[in-house]
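K.L.:
Protein chains in written order, with our numbering: chain V, 43 to 430; chain X, 4 to 277. For each residue, glycine too, the CB sits at the ideal point set by N, CA and C.
Here's what the structure looks like:
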């Protein structure tokens, strides 16, 4: 066996024999292996590499499961005590030890919905402009600015909300709508509005007492404008969130539009399509699933956002019996802001367990939204690309 | 048919005569065209007479400018920043690069089939109806007619007539390319530009598309860029040889392949380089 091992280099051996030392033969092993020893070392390296990356990906699962386990464990007292009523009722009272989270769940979902309604059209419009229409000299600085917006810490947005957005909303939106007597308009101007208002406007300005809410009485949209005019409100939270998620959605959508093959656009232009026809009928349908993904990314950020929302939403459930109000002007409360506000002073026991359960619900809502989003992206992509 | 060349100054007649052995009507006339991508001089003093209702093939090694030239004919290069064209290209005597020319209208008259099949993300039917629809046709019955006629025209009808609502992406590469040809036919162009239409296809699909070109040239003027010299020899009546941005030789396909006048052409068609 031993003398057959170097059979591979033996063909060249006679040629080299005169000038070169005999070909180096590896330590002869019992098996006539043709694989050089270095390779088995490399294979060992492969195994280690595989194991390390496997552990890295495993750690993510472990962290998620561990988190779920801990959250569930710590919230068990509340789960046992309140059951499903935790998410269907709205009473939260530390003194009577009665904890229910509906207003917070609603607040999280509603503020995020407002944010999307405001930001999606702006984001998609901006992305289309940046990728399709903007001249090169605008494209780069504008893209840079948008990415910069995404990097601003949320507390800065919150401060801006408190000092700029809320005073603005209070003075120029809430008060004129809710309390038309507040003297930001001159009286005679208001009077002239009233005269017109009696016959033509859908809502009336003819009472000046603070309890009268004209827009709130308009059929169909009135429910959006009830409530107080303190400034800290669902609308403020939704607007702040919209400003925060717009750069995300814009940047991702822009990248998706840029990634569409040039041949798609050229195919459309070659048929005599205009730029608008090409964007509307070829570019956007091609990018549909990606754009949905971008919106979901923004939604994910909006659902979890804590600081900026806490600073402007009012941190008070609406005073309706259900603790839920669709009014944009009412204050609200989200799951994350409840946690931020109440965790420090929570009394150990049921109170703490209830707060942890809110965290668990927030976790669940986020996971649920992401799963729905994945499915949506998957099915739209399938729809667009014919299952390929 | 009216012979457009008779309306041209005599020097252009000479040009036309020097490039063709049999007199035919001129569809596209290219005079002294230079083209630049920013600083890169991509086309140098190109003069070509493209005859009506024939297949004109453009051959040459990669990067020689043949695709760039093809794309000047429907102003597709307008979409690229920093390009510049000098000289004159006329379609039926009209200057394509005149300021008054509506590019949208021009591209309706000069259709294009691309190297890689590029169906739109919609159904087979909608892919074909796309062109007529953007040009204002909404009548369902007429659209149906166009879809059937163009799919028959591109020899795809029998394969897809039962699944017109299916996504165009579900078709094979060769079918997709025939769909793209049908889509081009649907806007009723006068000229069809083909930019290496078979380079991504298998031999069988290539054969079918070559057959198709044979049929199409009865009604359309076809200009095809190809890397495949056998293909140029099979499908075209005129061939132009491009090298390093210049058009080295242009003439009857038989003559280019059997008795080229230029050394470079001979070397290329005999496979010495390229």
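Taking the alpha-carbon positions, what's the residue 98(V) to residue 90(V) distance?
P.N.:
Using only the alpha carbons, I get a separation of about 12 Å.
K.L.:
Would you mind reading off the limits of the beta strand (DSSP E) that contains residue 247(X)?
P.N.:
It is not in any beta strand (DSSP E) - residue 247(X) carries neither H nor E in the DSSP assignment.
K.L.:
Classify residue 297(V) as helix, strand or coil using the three-state DSSP reduction.
P.N.:
In the structure shown, residue 297(V) sits in a helix (DSSP, three-state: H, G or I).
K.L.:
Where residue 333(V) and residue 148(V) are concerned, what is the direct C-alpha to C-alpha distance, given to the nearest angstrom?
P.N.:
Computed Cα separation, rounded: 26 Å.
K.L.:
In angstroms with no decimal places, state the Cα-to-Cα distance between residue 204(V) and residue 210(V).
P.N.:
Their backbone Cα atoms lie some 10 Å apart in a straight line.
K.L.:
Measuring only the C-alpha atoms, how far is residue 202(V) from residue 161(V)?
P.N.:
Cα to Cα, the separation comes out at about 18 Å.
K.L.:
Bridge partners of residue 60(X), per DSSP?
P.N.:
Paired residue(s): 227(X), 242(X).
K.L.:
If you check the beta carbons only, do residue 60(X) and residue 239(X) fall under 7 Å apart?
P.N.:
Yes. Within cutoff.
K.L.:
Provide the residue(s) that pair with residue 44(X) in DSSP beta bridges, ordered along the chain.
P.N.:
Answer is 39(X), bridged to residue 44(X).
K.L.:
Quick one: residues in its chain with C-beta nearer than 7 Å to the C-beta of residue 383(V), no 5 flanking neighbours on either side, listed in chain order?
P.N.:
Only 352, 357 meet the Cβ criterion.
K.L.:
Where does residue 67(V) land, buried or exposed, given buried means 16+ other C-beta within 10 angstroms?
P.N.:
Residue placement at residue 67(V) is poorly supported in this model, since its pLDDT is 49, which falls under 50; the coordinates still yield a value, given next. Answer is exposed; the Cβ neighbour count stays below 16.
K.L.:
Between the alpha carbons of residue 233(X) and residue 170(V), how many angstroms are there, rounded?
P.N.:
Approximately 44 Å, taken between the alpha carbons.
K.L.:
Under 8 Å, with one C-beta from each stretch per pair, do the region 324-339 of chain V and the region 108-124 of chain V reach the 3-pair mark?
P.N.:
Not touching, per the Cβ criterion.
K.L.:
In the region 188-211 of chain X, which residues sit with their C-beta less than 7 Å from some C-beta in chain V, listed in chain order?
P.N.:
Within the region 188-211 of chain X, the residues whose Cβ lies closer than 7 Å to some Cβ of chain V are 190, listed in chain order.
K.L.:
List the endpoints of the continuous alpha helix (DSSP H) containing residue 267(X).
P.N.:
Residues 266-272.
K.L.:
Given a cut-off of 7 Å on the beta-carbon distance, is the pair residue 216(X) and residue 116(X) in contact?
P.N.:
No; because the gap between Cβ atoms is not below 7 Å, this pair is not in contact.
K.L.:
With a CB to CB cut of under 7 Å and the five nearest residues on each side skipped, what residues in its chain are close to residue 128(X)?
P.N.:
Result list for residue 128(X): 150, 167, 168, in chain order.
K.L.:
Please check if any C-beta of chain V sits within less than 7 Å of the C-beta of residue 134(X).
P.N.:
Chain V contact via Cβ: present.
K.L.:
Is there contact between the region 293-306 of chain V and the region 106-125 of chain X, where contact requires at least three CB pairs shorter than 8 Å?
P.N.:
The region 293-306 of chain V vs the region 106-125 of chain X: in contact.
K.L.:
Using alpha carbons as the reference points, say which of 345(V), 137(V), 265(V), 330(V) lies closest to residue 287(V).
P.N.:
If we check each option's Cα against that of residue 287(V), 345(V) comes out closest.
K.L.:
Grab me the residues of residue 109(X)'s own chain with a C-beta within less than 8 Å of its C-beta, minus the 5 sequence neighbours each way, in chain order.
P.N.:
Correct list, in chain order: 77, 78, 94, 99.
K.L.:
Between the Cα of residue 158(X) and those of 137(X), 223(X), 144(X), 177(X), spot the shortest distance and give me the residue it belongs to.
P.N.:
Taking only the C-alpha atoms, the option nearest residue 158(X) is 177(X).
K.L.:
For the alpha helix (DSSP H) containing residue 70(X), name the first residue and the last one.
P.N.:
69-75 is the span of the alpha helix (DSSP H), which, as asked, contains residue 70(X).
K.L.:
Can you determine whether any heavy atom of the ligand GDP sits closer than 6 Å to the C-beta of residue 205(V), and answer yes or no?
P.N.:
For the ligand GDP, the structure offers nothing, since it holds no ligand at all.
K.L.:
Near residue 235(X), which residues of its chain fall below 6 Å by C-beta distance, leaving aside the five closest residues on each side in sequence?
P.N.:
Only 60, 62, 229, 242 meet the Cβ criterion.
K.L.:
Please say whether residue 395(V) and residue 119(V) have beta carbons closer to each other than 7 Å?
P.N.:
Cβ distance < 7 Å, so residue 119(V) and residue 395(V) count as in contact.
K.L.:
Per DSSP, which one or two residues make a beta bridge with residue 52(X)?
P.N.:
DSSP, once it has assigned bridges, lists 32(X) as partnering residue 52(X).
K.L.:
Identify every residue that forms a DSSP beta bridge with residue 92(X).
P.N.:
Paired residues: 33(X).
K.L.:
Hey, quick one: how far does the alpha helix (DSSP H) through residue 309(V) stretch, first residue to last?
P.N.:
Its alpha helix (DSSP H) spans residues 304-311.
K.L.:
Among the candidates 210(X), 40(X), 137(X), 42(X), whose CA atom is the shortest distance from the CA of residue 311(V)?
P.N.:
Of the candidates 210(X), 40(X), 137(X), 42(X), the one whose C-alpha sits nearest the C-alpha of residue 311(V) is 137(X).
K.L.:
What does residue 312(V) touch in chain X if you count any residue whose Cβ is under 7 Å from its own?
P.N.:
In chain order: 77, 79, 110, 114, 115.
K.L.:
Label residue 278(V) either buried or exposed according to how many other C-beta atoms from any shown protein chain fall within 10 Å of its C-beta, with 16 as the threshold for buried.
P.N.:
The residue is buried, with at least 16 neighbouring Cβ atoms inside 10 Å.
K.L.:
Beta carbons nearer than 8 Å to chain V: which residues of the region 80-105 of chain X have them?
P.N.:
Residues passing the 8 Å Cβ filter: 82, 84.
K.L.:
Which residue comes first and which comes last in the beta strand (DSSP E) that contains residue 196(X)?
P.N.:
Run containing residue 196(X): 194-198, per the beta strand (DSSP E) assignment.
K.L.:
Distance check for residue 146(X) and residue 152(X), CA to CA, integer angstroms please.
P.N.:
If you take the alpha carbons of residue 152(X) and residue 146(X), they lie about 10 Å apart.
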